[in-house]
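Quick mapping for you: the protein sequence lines, in order, are chains A and B. Quick note, the first sequence lines up with residues 0 to 74 if you use numbering that gives the first Met the number 0. Quick note, the second sequence lines up with residues 0 to 155 if you use numbering that gives the first Met the number 0. Where a beta carbon is used, it is the ideal one built from N, C-alpha and C, also for glycine. Bear in mind the structure is a predicted one, so any value in this text is a computation, not a measurement.
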Amino acid sequence: MNFDKEFDASGLNCPLPIIKTKKSLVDMESGQVLRVIATDCGAVKDMQAFADQTGNTLLSSTEEGGKYIFFMQKK
Amino acid sequence: MATKKMAIIATKGTLDMAYPPFILASTAAALGYEVQVFFTFYGLQLLRKDLSDVKISPLANPAMPMPVPMPVMVQMLPGMESMATMMMKQKLTKHGVASLEELRDLCLEADVKFIACQMTVDLFEFDKSEFIEQCEYGGATTFLGFAGDTDICLFV
């Protein structure tokens, strides 16, 4: 999947992956896609909850070799 | 959609109890909430410029996981509090949990409003110059003016 920006939250724990994802989205345009990499398994539920509450769209959420990969499209 | 609001009352000044208000406030701000935190009694210690005196005590804290079981008589010994604090901070760093300073900065960056209880400042004769400049001083009425209109209000 194509993306416009990437943020690596590997090693960070709750709530940093979410807060820093939000900060990464700030300077992006509506419709652009942010790819987030995380190692915190709690981020899987939290990233969906973040999308639900902020109106951004979680295009995909997958696991690859112990890392969680998210594609978040800005509202 | 109207902006959601959250109010937190932070009354504890230990390392373990400092995390919930800062984590919830910074996260809620990231979700678009307008957030205010009212720091009163021991919670006021969390507004000090220097947070290195914020500690955790194993005493009267039986739920705290310890590497080896430790009788209360041992927990009372001098230096045990500093040791427990050092171990807890190492654990937090190892697991990628933000420091209190970092979480507090994230709150300030996201415009979380900090209100320091003026009565507590007077009561303990605190020197305001020891607290961060970004806090306002107020009382229960100031806080309730905001809290009365929130979606979430928590006492920590």
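- Bounds of the beta strand (DSSP E) holding B:M5 are 4-9.
- Residues M5, A24, A27, A28, V111 of the same chain have their beta carbon placed closer than 6 Å to that of B:V34, with the five preceding and five following residues left out of the count.
- About 37 Å separates the CB atoms of B:G95 and B:Q117; that is not less than 8 Å, and the two are not in contact.
- Residue burial annotation: B:A1 is exposed, with fewer than 16 other C-beta atoms found within 10 angstroms of its C-beta.
- For the options A:A37, A:L57, A:M0, the alpha carbon positioned closest to that of A:F6 is the one of A:A37.
- Annotation: B:L46 to B:T119 spans about 12 Å, alpha carbon to alpha carbon.
- When DSSP states are grouped into helix, strand and coil, A:K73 belongs to the coil group.
- For B:G12, the three-state secondary structure derived from DSSP is coil.
- Under the 8 Å Cβ criterion, the region 54-68 of chain A does not count as touching the region 12-24 of chain B, having fewer than three qualifying pairs.
- Straight-line spacing of the CA atoms in A:K19 and A:A48 works out to 15 Å.
- In the structure shown, A:F2 falls within a coil segment according to DSSP collapsed to helix, strand and coil.
- Within chain A, not a single residue places a beta-carbon under 7 Å from that of B:L99; the smallest gap is close to 13 Å.
- For B:F154, the three-state secondary structure derived from DSSP is strand.
- Chain A has no Cβ within less than 8 Å of the Cβ of B:I55.
- Secondary structure of A:Q31 (DSSP, three-state): coil.
- When secondary structure is reduced to three states using DSSP, A:D51 falls in the helix class.
- Of the candidates B:Y18, B:L43, B:E101, B:L30, the residue whose Cα lies closest to the Cα of B:K127 is B:L43.
- Residues of the region 10-22 of chain A whose Cβ lies closer than 7 Å to any Cβ of chain B, in chain order: G10, L11, N12, P14, L15, I17, I18, K21.
- Residue environment analysis places A:M46 among the buried positions, since at least 16 neighbouring C-beta atoms fall within 10 angstroms of its C-beta.
- In the DSSP assignment, the residues bridged to A:E63 are A:K66.
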